[in-house]
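Chemist:
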Amino acid sequence: MPNTFPETDQPGVVLARVAEQLHRVLVGWKSTAVEPTDEGYLYGYDLELGAINGALEHRLVFVEDTPISGHRPGVLELPIDGTDANITVWLYPSDPELPALRDLTDPSLIEGILAKLAISAIVTRVEVVTYRPGRRAVVRVGTSDRSIYLKVVEPAKAASIAERHQQFRASSLPVPRLLGWSADGVVAMSALPGVDAQTAISKIQDAEEFLRQVEFLGTLLAGVPAVNTARESLFERLDWYVDRLSKRMPAEKQRIVDIGGRIARCGADGRSYGFTAVTIHGDLHLGQLFVDAENPALITGMLDIDTAGVGDPADDAAAFYAHLIALAEAAAARDPAYSAACFHLAAMWRARWPRNRNAGFENRARAIAATHLLGHALRPLTNDANGVSRRLLDHAESLVADW
Numbered sequence: 147m148p149n150t151f152p153e154t155d156q157p158g159v160v161l162a163r164v165a166e167q168l169h170r171v172l173v174g175w176k177s178t179a180v181e182p183t184d185e186g187y188l189y190g191y192d193l194e195l196g197a198i199n200g201a202l203e204h205r206l207v208f209v210e211d212t213p214i215s216g217h218r219p220g221v222l223e224l225p226i227d228g229t230d231a232n233i234t235v236w237l238y239p240s241d242p243e244l245p246a247l248r249d250l251t252d253p254s255l256i257e258g259i260l261a262k263l264a265i266s267a268i269v270t271r272v273e274v275v276t277y278r279p280g281r282r283a284v285v286r287v288g289t290s291d292r293s294i295y296l297k298v299v300e301p302a303k304a305a306s307i308a309e310r311h312q313q314f315r316a317s318s319l320p321v322p323r324l325l326g327w328s329a330d331g332v333v334a335m336s337a338l339p340g341v342d343a344q345t346a347i348s349k350i351q352d353a354e355e356f357l358r359q360v361e362f363l364g365t366l367l368a369g370v371p372a373v374n375t376a377r378e379s380l381f382e383r384l385d386w387y388v389d390r391l392s393k394r395m396p397a398e399k400q401r402i403v404d405i406g407g408r409i410a411r412c413g414a415d416g417r418s419y420g421f422t423a424v425t426i427h428g429d430l431h432l433g434q435l436f437v438d439a440e441n442p443a444l445i446t447g448m449l450d451i452d453t454a455g456v457g458d459p460a461d462d463a464a465a466f467y468a469h470l471i472a473l474a475e476a477a478a479a480r481d482p483a484y485s486a487a488c489f490h491l492a493a494m495w496r497a498r499w500p501r502n503r504n505a506g507f508e509n510r511a512r513a514i515a516a517t518h519l520l521g522h523a524l525r526p527l528t529n530d531a532n533g534v535s536r537r538l539l540d541h542a543e544s545l546v547a548d549w
């Protein structure tokens with residue numbers, strides 16, 4: 147269906163109907179998230195609702211403008227007035243793709259859930275630290291003597307994620323220790339030492355040493371026995387990103403199409419040499435790495451190996467670079483020093499690509515990184531959405547300028 151939902155007064159109309167279903171009155175709402183899906187978009191809204199007794203409350207609701215076929219518990223399907231299309235609506239934490247999340251947000255149930263995972267603990271605190279609707283969530287559980295992280299995923303993925311953690315640790319990779327998993331989509335893990343590299347980047351004194359360690363992680367990854375393929379390269383979805391971004395930025399459509407053509411030619415050249423497939427992370431970026439708090443040039447841990455498997459090492463190199471550029475642009479106005487540190491590290495990382503012995507590596511990395519930048523431009527992490535998106539387009543264009 148046409149993506150008309152956000153450009154009309156439909157959000158208010160639909161959200162009022164959601165409030166009615168809850169026996170509440172819609173007092174106000176604000177947008178919290180927009181996530182592209184395979185066919186449309188997923189929108190998040192924070193609703194302010196009024197009860198019959200006059201009390202106010204907040205609920206987080208998600209709206210899919212292209213419904214997934216089939217019945218899903220807790221999902222309400224509503225027609226869009228004046229059209230033959232429907233949308234689907236669900237309330238957090240009743241995520242239809244993450245059925246375990248609802249119970250994990252209830253502190254009274256956590257100790258019982260841990261016990262089923264053979265973890266004995268006295269729980270002192272429960273906090274949802276990350277959440278991507280329909281994709282994954284991470285719940286931090288504080289106990290009397292440690293922190294435990296519960297990753298919530300689609301139930302069918304839990305077993306393979308647990309297996310990967312065991313394999314990666316056996317190959318000397320610094321991933322969290324597996325504590326247990328369940329068939330409803332919960333994977334329990336230990337905490338990693340150190341601090342998040344994304345927050346510590348401006349404190350890294352020896353950038354060369356840090357990047358050497360990132361490369362060494364790649365070497366360790368390549369030695370992990372293959373059990374599956376990595377997440378599909380974003381380069382395979384280039385046309386999808388070009389189409390989506392052209393619709394979001396119609397004034398830039400011809401430029402986006404031209405950049406897409408250059409990316410395609412650059413990537414085709416890089417792939418004409420063939421490449422040796424090895425185990426890769428599949429979604430490598432600063433947010434997946436932990437570093438020593440005192441010396442952040444030293445990597446102490448690596449997260450989120452859900453997407454790991456056999457693939458092109460240029461995918462990890464490209465994702466790492468594009469994420470640094472996106473971070474730099476998002477922080478440019480509010481934290482120039484942090485932005486400069488991201489740009490500097492990105493330039494140093496890109497300068498390493500020509501040294502790679504894998505034939506065609508640099509051109510594949512350029513094309514994949516440019517595709518990632520189109521993805522970042524589609525949903526920039528900043529209030530200056532259009533300005534940042536245009537600058538991200540500039541970076542994508544520069545990567546493939548010779549094509």
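Throughout the sequence shown, residue numbering follows the numbering used here, covering 147 to 549 in sequence.
Note that CB positions come from ideal geometry on N, CA and C, so glycine has one too.
Check ASN232 in the structure and name its three-state DSSP category.
Modeler: Indexing the sequence shown from 1 puts residue 232 at position 86. Strand, per DSSP.
Chemist: What number of angstroms, rounded off, separates the C-alpha of ARG358 from the C-alpha of LEU202?
Modeler: Here residue 358 is taken as the residue at index 212 of the sequence shown, counted from 1. Here residue 202 is taken as the residue at index 56 of the sequence shown, counted from 1. Spanning the two alpha carbons is a distance of roughly 53 Å.
Chemist: Which runs of the beta strand (DSSP E) spanning at least 3 residues fall entirely within the segment 325 to 394, listed in chain order?
Modeler: Within the segment 325 to 394, the complete beta strand (DSSP E) runs of at least 3 residues are 332 to 336.
Chemist: I'd like to check one pair, ALA334 with LEU384: are the Cβ atoms closer than 7 Å?
Modeler: The residue labelled residue 384 in the question sits at position 238 within the sequence shown. The residue labelled residue 334 in the question sits at position 188 within the sequence shown. In this structure, ALA334 does not lie closer than 7 Å to LEU384 by Cβ.
Chemist: Do three or more CB pairs link the segment 532 to 549 to the segment 397 to 414 at distances below 8 Å?
Modeler: As far as the Cβ criterion goes, the segment 532 to 549 touches the segment 397 to 414, which means the pair count is three or higher.
Chemist: Kindly indicate the opening and closing residues of the beta strand (DSSP E) around ALA515.
Modeler: Against the sequence shown, residue 515 aligns to sequence position 369. From DSSP, ALA515 is part of no beta strand (DSSP E) but of the alpha helix (DSSP H) over 507 to 524.
Chemist: Where does GLY533 fall in DSSP's three states?
Modeler: Along the sequence shown, one-based indexing puts residue 533 at 387. Here GLY533 sits in helix by DSSP.
Chemist: DSSP on SER240, reduced to helix/strand/coil?
Modeler: By one-based count along the sequence shown, residue 240 stands at place 94. It is coil, neither helix nor strand.
Chemist: How is the alpha helix (DSSP H) around ARG248 delimited, first residue to last?
Modeler: Taking the first residue of the sequence shown as 1, we reach residue 248 at position 102. Segment 247 to 250, the alpha helix (DSSP H) holding ARG248.
Chemist: Considering only DSSP beta bridges, list what ILE445 is partnered with.
Modeler: Here residue 445 corresponds to residue number 299 of the sequence shown, with the count starting at 1. Answer is VAL437, bridged to ILE445.
Chemist: Roughly how many angstroms lie between the CA atoms of GLU153 and SER392, to the nearest whole one?
Modeler: For the purposes of this step, residue 153 is taken as residue 7 along the sequence shown, with counting starting at 1. For the purposes of this step, residue 392 is taken as residue 246 along the sequence shown, with counting starting at 1. Confidence in GLU153 is poor, its pLDDT being 43 and thus under 50, which makes the residue's placement unreliable; the coordinate value appears in the next sentence. Each residue's alpha carbon lies about 16 Å from the other.
Chemist: Identify which residue in GLY326, TRP327 and ARG310 has its Cα closest to the Cα of PRO320.
Modeler: Your numbering for residue 320 matches position 174 in the sequence shown. Selected option, being the one with the closest Cα: ARG310.
Chemist: Can you tell me which of the three DSSP states ALA542 falls into?
Modeler: By 1-based counting over the sequence shown, the position of residue 542 is 396. It is helical.
Chemist: Are there three or more Cβ pairs, one per stretch, closer than 8 Å when the segment 492 to 500 is compared with the segment 355 to 369?
Modeler: Output reads yes: the segment 355 to 369 touches the segment 492 to 500.
Chemist: Based on the DSSP output, what are the partners of SER317 in its beta bridges?
Modeler: Indexing the sequence shown from 1 puts residue 317 at position 171. DSSP output for SER317 lists no bridge partner at all.
Chemist: Can you tell me whether THR289 sits near the ligand ADP, meaning its C-beta is under 6 Å from at least one heavy atom of the ligand?
Modeler: Of ligands this structure carries none, so the ligand ADP is not represented either.
Chemist: CB PHE421 to CB ASP458, shorter than 7 Å?
Modeler: Looking up residue 421 in the sequence shown gives position 275. Looking up residue 458 in the sequence shown gives position 312. It is a contact, given that the beta carbons lie within the stated cut-off.
Chemist: Which value, in whole angstroms, describes the spacing of the CA atoms of ALA423 and ARG271?
Modeler: Here residue 423 refers to the residue found at position 277 of the sequence shown. Here residue 271 refers to the residue found at position 125 of the sequence shown. Using only the alpha carbons, I get a separation of about 43 Å.
Chemist: Is TRP175 helix, strand or coil when you go by DSSP?
Modeler: Residue 175 sits at position 29 when you count from the first residue of the sequence shown. Reduced to three states, the DSSP call for TRP175 is strand.
Chemist: Given GLU378, which residues of its chain have a CB within under 8 Å of its CB, disregarding the five upstream and five downstream residues?
Modeler: The residue labelled residue 378 in the question sits at position 232 within the sequence shown. So no residue of the chain qualifies.
Chemist: Would you mind sorting VAL160 into buried or exposed? The rule is 16 or more other CB atoms within 10 Å of its CB.
Modeler: Position 14 of the sequence shown, counting from 1, holds the residue named residue 160. Result: buried.
Chemist: Going by DSSP, what residues sit across from LEU491 in a beta bridge?
Modeler: As a working note, residue 491 is residue 345 in the sequence shown. Paired residues: none, contrary to the question.
Chemist: Are there three or more Cβ pairs, one per stretch, closer than 8 Å when the segment 360 to 367 is compared with the segment 314 to 328?
Modeler: Judged by Cβ distances under 8 Å, the segment 360 to 367 makes contact with the segment 314 to 328, as three or more pairs qualify.
Chemist: Buried or exposed for SER535, please, with buried defined as at least 16 other CB atoms from any protein chain shown within 10 angstroms of its CB.
Modeler: Taking the sequence shown and counting its residues from 1, one reaches residue 535 at position 389. SER535 is buried by the Cβ-count criterion.
Chemist: Quick check on the DSSP output: the beta strand (DSSP E) that includes GLY204 runs from which residue to which?
Modeler: Here residue 204 is taken as the residue at index 58 of the sequence shown, counted from 1. The residue you asked about is not Gly; residue 204 is His in the sequence shown. HIS204 -> beta strand (DSSP E) spans 202 to 210.
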